[in-house]
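Asker:
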DNA sequence: GATACCATTTTGGGATACCAAATCGGTATC
DNA sequence: GATACCGATTTGGTATCCCAAAATGGTATC
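Residue numbers (my numbering), protein chains in the order written: chain Z, 2 to 222; chain L, 2 to 222.
1) Does the stretch 46-61 of chain L come close enough to the stretch 16-33 of chain L to have 3 or more Cβ pairs within less than 8 Å?
2) Could you tell me whether the Cβ atoms of residue 77 of chain Z and residue 194 of chain Z are closer together than 8 Å?
3) Taking 7 Å as the cut-off, is the C-beta of residue 39 of chain Z nearer than that to any heavy atom in the ligand NAP?
4) Closest to residue 129 of chain L by CA distance: which of L:93, L:84 and L:160 is it?
5) Give me the subset of the stretch 131-146 of chain L whose CB atoms are less than 7 Å from a CB atom of chain Z, sorted by chain position.
6) According to the Cβ coordinates, are residue 163 of chain L and residue 177 of chain L closer than 8 Å?
7) Do you know whose CA, among L:15, L:32 and L:42, lies nearest residue 2 of chain L's CA?
8) Check whether the Cβ atoms of residue 127 of chain Z and residue 154 of chain Z lie closer than 8 Å to each other.
9) Using a Cβ-Cβ distance under 8 Å, would residue 83 of chain L count as near chain Z?
10) So with Cβ pairs under 8 Å, would you call residue 97 of chain Z a contact of chain L?
11) Comparing the C-beta of residue 194 of chain Z with each C-beta of chain L, is any distance below 8 Å?
12) What's the C-alpha gap between residue 171 of chain Z and residue 213 of chain L?
13) If the cut is a Cβ gap below 8 Å, which residues of chain Z does residue 6 of chain L touch?
14) Nearest CA to the CA of residue 113 of chain L: which residue from L:138, L:69, L:142 and L:161?
15) Counting only the same chain and skipping the five closest in sequence on each side, list residues whose C-beta sits under 6 Å from that of residue 222 of chain Z.
16) Taking 8 Å as the threshold (beta carbon to beta carbon), is residue 76 of chain L in contact with chain Z?
17) I'd like to know whether the C-beta of residue 107 of chain L is nearer than 8 Å to at least one C-beta of chain Z.
18) On the DSSP letters alone, give me the boundaries of the alpha helix (DSSP H) that residue 199 of chain Z sits inside.
19) Distance, Cα to Cα, residue 149 of chain Z vs residue 34 of chain L?
20) Here's the rule: buried if 16 or more other CB atoms are within 10 angstroms of the residue's CB, otherwise exposed. What is residue 108 of chain Z?
21) Residues of the stretch 144-170 of chain Z with a CB closer than 7 Å to any CB of chain L: list them in chain order, please.
22) Report buried or exposed for residue 203 of chain Z, applying the criterion of at least 16 other Cβ atoms within 10 angstroms of its Cβ.
23) Are the CB atoms of residue 55 of chain Z and residue 223 of chain Z within a distance shorter than 8 Å?
24) Note down, in chain order, every chain Z residue with its Cβ under 9 Å from the Cβ of residue 91 of chain L.
25) Just reading off the alpha helix (DSSP H) that residue 13 of chain L is part of, what are its end residues?
26) Buried or exposed, going by whether 16 or more other CB atoms sit within 10 Å of the CB of residue 1 of chain Z?
27) How many whole angstroms separate the CB atoms of residue 87 of chain L and residue 131 of chain L, which I take to be in contact at a CB cut-off of 8 Å?
28) Short of 8 Å Cβ to Cβ, which residues in the stretch 44-70 of chain L face chain Z?
29) Who are the neighbours of residue 173 of chain Z on chain L, taking C-beta pairs under 9 Å?
30) Counting only C-beta atoms, is residue 86 of chain Z closer than 8 Å to chain L at any point?
31) Excluding the 5 residues preceding and the 5 following residue 93 of chain L in the sequence, name in chain order all residues of the same chain whose CB lies nearer than 8 Å to its CB.
32) By a C-beta neighbour count over all protein chains shown, 10 Å radius and 16 as the cutoff for buried, is residue 39 of chain L buried or exposed?
33) Helix, strand or coil for residue 61 of chain L per DSSP?
34) Please say whether residue 75 of chain Z and residue 7 of chain L have beta carbons closer to each other than 8 Å?
35) Just the Cα atoms here: how many angstroms apart are residue 151 of chain Z and residue 175 of chain Z?
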């Protein structure tokens with residue numbers, strides 16, 4: 002694996018894992034020494050992460066993207082457009098067997114499953130569902146959106162009930178796809194995304210002082 | 002302006018303007034000497050153009066993205082999802098004054114307008130319409146899609162009638178937005194995108210031998 | 001104590017040097 | 001004539017060096 006990919010992957014994990022806080026400044030020299038790579042691959046990795054929206058420029062320098070509540074709302078609208086389009090395509094497929102793989106993925110989570118795993122499966126549900134559509138652009142759009150949502154979802158204060166509800170909604174969407182009911186799948190998915198957004202924004206808005214106390218930059222809606 | 006932006010902009014223009022043909026190999030050294038920049042900004046520019054889909058990797062090297070007929074179909078689906086979402090948002094706005102700016106842009110084209118201008122206005126119509134929605138992600142998605150379509154649209158053999166029909170369809174969409182009729186705007190936009198795709202794919206498919214004769218790589222649908 | 005100023009350090013942008021791997025040419029072999 | 005082989009060249013990946021601009025920190029001034 003090239004140094005660039007190494008740096009990109011590790012840096013992305015540190016950002017998504019909040020080891021580097023939202024709003025934090027990054028210097029190429031720090032990354033260089035941190036990962037033992039020279040500035041050339043570091044700069045390449047930064048350029049790629051910039052297009053992912055995980056980092057941005059602050060004048061001349063680099064900054065980890067802040068948690069942006071307004072952006073979360075816009076992403077929800079974007080997600081709804083592309084995910085609904087994808088699920089409609091999938092529901093219209095002859096072979097919808099891929100649905101069972103996703104269902105099995107959901108079922109691999111139970112009460113003993115660690116929170117990281119719930120988090121990952123919650124995002125992969127949407128990504129894999131989009132993949133079934135067979136449309137590369139819809140898939141990429143969903144993957145990008147989920148990446149940008151990842152940190153916010155991780156910071157969200159979720160109770161057990163909310164996790165269970167999301168799990169049930171996911172299964173309901175799959176059931177609609179399974180019986181080729183595109184309209185119901187679309188309706189359920191829209192509602193799921195809207196509810197997810199509401200809980201997310203409310204939670205982070207209520208918790209914004211706590212987040213800022215942890216040194217995280219939070220941009221208001 | 003930085004060297005990186007210079008190289009990126011000029012290289013993008015050369016690719017979109019077909020001065021460098023689809024499928025052509027690119028070497029960092031050639032770009033370096035062509036634009037008088039060193040490899041550092043050249044590499045940065047290549048990384049950015051890669052995320053735009055204008056170039057790709059061919060093993061270790063760089064290649065200008067070929068004309069991909071299957072991709073054009075997928076982009077149409079993607080476009081429809083995001084553009085319809087955007088136009089629905091716009092139709093629901095209180096202040097839809099931005100529509101008149103776009104209408105004026107359309108009207109700036111007449112029989113004497115050069116083909117380049119028609120081409121640019123045809124893409125800007127969709128981009129500016131998406132911008133009115135106020136959603137950054139929908140805007141970016143439309144901009145990316147139009148960039149990827151740009152070369153294919155330029156290669157399309159379009160008669161006067163087709164240009165006029167597109168112009169009329171654009172105006173009809175604006176009229177629906179103007180009177181806040183989201184459903185009609187969505188319906189007209191969907192039909193416009195589907196028709197545009199059909200003409201595009203048909204034209205390029207029929208012309209693929211001619212395109213290959215010009216040295217352009219064309220991937221079949 | 002606040003502020004304006006200047007020397008120092010740090011930073012990102014760019015240029016260049018080096019390397020291993022891939023590619024290319026030419027030649028020998030069959 | 002086709003093909004296998006081998007050395008020269010080219011290429012992308014990386015490290016390092018230089019530079020101008022910006023940030024920093026200390027100091028003098030009011």
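Glycine included, C-beta positions come from ideal geometry on N, C-alpha and C.
Answerer: Concretely, from the data shown:
1) yes
2) Residue 77 of chain Z sits at position 76 when you count from the first residue of the first chain. Residue 194 of chain Z sits at position 193 when you count from the first residue of the first chain. Cβ atoms of residue 77 of chain Z and residue 194 of chain Z: closer than 8 Å.
3) Ligands displayed in this structure: none; no statement on the ligand NAP is therefore possible.
4) Residue numbering aside, residue 129 of chain L sits at position 128 when the second chain is read from its first letter. The option with the nearest alpha carbon to residue 129 of chain L is L:84.
5) 136, 137, 138, 139 and 142
6) Residue 163 of chain L sits at position 162 when you count from the first residue of the second chain. Residue 177 of chain L sits at position 176 when you count from the first residue of the second chain. Contact flag unset, no.
7) To locate residue 2 of chain L, count along the second chain from 1; it is residue 1. Taking only the C-alpha atoms, the option nearest residue 2 of chain L is L:42.
8) Here the question's residue 127 of chain Z lines up with position 126 in the first chain. Here the question's residue 154 of chain Z lines up with position 153 in the first chain. Result no, Cβ atoms of residue 127 of chain Z and residue 154 of chain Z do not sit closer than 8 Å.
9) By 1-based counting over the second chain, the position of residue 83 of chain L is 82. It does; some Cβ of chain Z falls within 8 Å.
10) As a first step, residue 97 of chain Z is located in the first chain; it is residue number 96 there, counting from the start. It does not: the Cβ of residue 97 of chain Z has no partner Cβ on chain L nearer than 8 Å.
11) Along the first chain, one-based indexing puts residue 194 of chain Z at 193. So no, residue 194 of chain Z is outside the interface.
12) As a first step, residue 171 of chain Z must be located in the first chain, where it is residue number 170. As a first step, residue 213 of chain L must be located in the second chain, where it is residue number 212. Their Cα atoms are separated by approximately 47 Å.
13) One-based indexing of the second chain puts residue 6 of chain L at position 5. Simply none; closest approach about 12 Å.
14) Stepping through the second chain from its first residue, residue 113 of chain L is reached at position 112. Ranking the options by Cα distance to residue 113 of chain L, first place goes to L:161.
15) In the first chain, the residue the question calls residue 222 of chain Z occupies position 221. 70 and 71, listed in sequence order.
16) Walking along the second chain from the start, residue 76 of chain L turns up at place 75. Closer than 8 Å to some Cβ of chain Z, the Cβ of residue 76 of chain L qualifies, so yes.
17) Position 106 of the second chain, counted from the start, is the residue given in the question as residue 107 of chain L. Closer than 8 Å: no.
18) The residue you call residue 199 of chain Z lines up with position 198 of the first chain. Segment 183-207, the alpha helix (DSSP H) holding residue 199 of chain Z.
19) Sequence index remark: in the first chain, residue 149 of chain Z carries index 148 (1-based). Sequence index remark: in the second chain, residue 34 of chain L carries index 33 (1-based). The alpha-carbon atoms of residue 149 of chain Z and residue 34 of chain L are separated by roughly 38 Å.
20) Mapped onto the first chain, residue 108 of chain Z falls at position 107. Exposed is the call here.
21) none
22) Translated into the one-based positions of the first chain, residue 203 of chain Z becomes position 202. Classification of residue 203 of chain Z: exposed, given that the 10 Å Cβ count is below 16.
23) Outside the shown range of chain Z, which is 2 to 222, sits residue 223 of chain Z, and nothing can be said about it.
24) Looking up residue 91 of chain L in the second chain gives position 90. Under the 9 Å cutoff, chain Z gives no residues; its nearest Cβ is about 12 Å from residue 91 of chain L.
25) Here residue 13 of chain L refers to the residue found at position 12 when the second chain is read from its first residue. Counting along the chain, the alpha helix (DSSP H) containing residue 13 of chain L begins and ends at 4-17.
26) Outside the displayed span of chain Z (2 to 222) sits residue 1 of chain Z, for which this structure offers no information.
27) Within the second chain, the letter at position 86 stands for residue 87 of chain L. Within the second chain, the letter at position 130 stands for residue 131 of chain L. Going by Cβ atoms, the distance from residue 87 of chain L to residue 131 of chain L rounds to 4 Å, so yes, they are a contact pair.
28) 44, 45, 48, 49 and 52
29) Here the question's residue 173 of chain Z lines up with position 172 in the first chain. Simply none; closest approach about 22 Å.
30) Within the first chain, residue 86 of chain Z is the residue found at index 85, counting from 1. Output row for residue 86 of chain Z: interface = yes.
31) Here residue 93 of chain L refers to the residue found at position 92 of the second chain. Counting only Cβ-Cβ distances below 8 Å, and skipping sequence neighbours, we find 181 and 183.
32) Mapped onto the second chain, residue 39 of chain L falls at position 38. Exposed, because fewer than 16 other Cβ atoms sit within 10 Å of the Cβ of residue 39 of chain L.
33) Within the second chain, the letter at position 60 stands for residue 61 of chain L. Residue state, collapsed to three classes: coil.
34) Indexing the second chain from 1 puts residue 7 of chain L at position 6. Indexing the first chain from 1 puts residue 75 of chain Z at position 74. Cβ atoms of residue 7 of chain L and residue 75 of chain Z: not closer than 8 Å.
35) Counting from 1 along the first chain, the entry for residue 151 of chain Z is found at position 150. Counting from 1 along the first chain, the entry for residue 175 of chain Z is found at position 174. Their backbone Cα atoms lie some 22 Å apart in a straight line.
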